[in-house]
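Numbering (the numbering used here), first residue to last: 653 to 715.
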(Lines of atoms letter the chains of each structure in order from A; the text may use other names.)
(Lines give C-alpha, C1' and ligand atoms only; values in the text may rest on other atoms or scores of the structure.)
Protein backbone atom coordinates (compact mmCIF):
# COMPACT_ATOMS: atom_id res chain seq x y z
CA UNK A 653 0.00 0.00 0.00
CA UNK A 654 1.44 3.35 -0.96
CA UNK A 655 0.46 6.86 -0.07
CA UNK A 656 -1.39 7.81 3.03
CA UNK A 657 -4.42 9.50 4.41
CA UNK A 658 -4.21 13.18 5.27
CA UNK A 659 -6.32 13.97 8.31
CA UNK A 660 -7.16 17.14 10.19
CA UNK A 661 -8.08 17.45 13.85
CA UNK A 662 -9.88 20.69 14.52
CA UNK A 663 -9.87 22.08 18.04
CA UNK A 664 -12.55 24.65 18.60
CA UNK A 665 -14.80 26.22 21.16
CA UNK A 666 -18.55 25.84 21.27
CA UNK A 667 -20.35 29.18 20.95
CA UNK A 668 -23.76 29.83 22.47
CA UNK A 669 -25.75 29.01 19.34
CA UNK A 670 -25.54 26.39 16.62
CA UNK A 671 -25.43 29.15 14.00
CA UNK A 672 -22.42 30.78 15.67
CA UNK A 673 -20.74 27.39 16.00
CA UNK A 674 -21.16 26.71 12.28
CA UNK A 675 -19.87 30.18 11.38
CA UNK A 676 -16.79 29.50 13.54
CA UNK A 677 -15.98 25.95 12.46
CA UNK A 678 -16.91 25.99 8.75
CA UNK A 679 -13.90 28.09 7.64
CA UNK A 680 -11.59 25.80 9.63
CA UNK A 681 -13.04 22.73 7.92
CA UNK A 682 -12.74 24.35 4.50
CA UNK A 683 -9.13 25.32 5.20
CA UNK A 684 -8.30 21.76 6.24
CA UNK A 685 -9.95 20.37 3.10
CA UNK A 686 -8.17 22.84 0.83
CA UNK A 687 -4.93 21.79 2.50
CA UNK A 688 -5.54 18.21 1.40
CA UNK A 689 -7.28 16.65 4.40
CA UNK A 690 -9.59 13.82 3.40
CA UNK A 691 -10.73 12.98 6.92
CA UNK A 692 -11.63 15.90 9.21
CA UNK A 693 -12.59 15.51 12.87
CA UNK A 694 -14.18 18.05 15.17
CA UNK A 695 -14.84 17.64 18.89
CA UNK A 696 -18.06 16.18 20.20
CA UNK A 697 -20.56 18.92 20.86
CA UNK A 698 -19.16 21.13 18.10
CA UNK A 699 -22.62 22.39 17.20
CA UNK A 700 -24.17 22.76 20.65
CA UNK A 701 -23.04 22.16 24.20
CA UNK A 702 -25.65 22.86 26.84
CA UNK A 703 -26.18 21.11 30.17
CA UNK A 704 -29.74 22.34 30.68
CA UNK A 705 -32.06 20.04 28.76
CA UNK A 706 -34.69 22.67 27.95
CA UNK A 707 -32.11 25.01 26.41
CA UNK A 708 -30.36 22.17 24.61
CA UNK A 709 -33.61 20.90 23.12
CA UNK A 710 -34.56 24.42 22.04
CA UNK A 711 -31.18 24.84 20.31
CA UNK A 712 -31.40 21.60 18.32
CA UNK A 713 -33.17 21.76 14.97
CA UNK A 714 -33.64 19.42 12.05
CA UNK A 715 -32.72 20.32 8.51
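We put the CB at the ideal spot given by N, CA and C, even for glycine.
- Straight through space, the alpha carbons of residue 661 and residue 670 are spaced by roughly 20 Å.
- If you draw a straight line from the Cα of residue 704 to the Cα of residue 695, it comes to about 20 Å.
- Under DSSP, the beta-bridge partners assigned to residue 660 are 692.
- Cα atoms of residue 656 and residue 687: separation of roughly 14 Å, rounded to the nearest angstrom.
- For residue 700, there is no enclosing alpha helix (DSSP H), as DSSP marks it with neither H nor E.
- Taking the Cα of residue 665 as reference, the smallest distance to any Cα among 690, 701, 685 and 692 is reached at 701.
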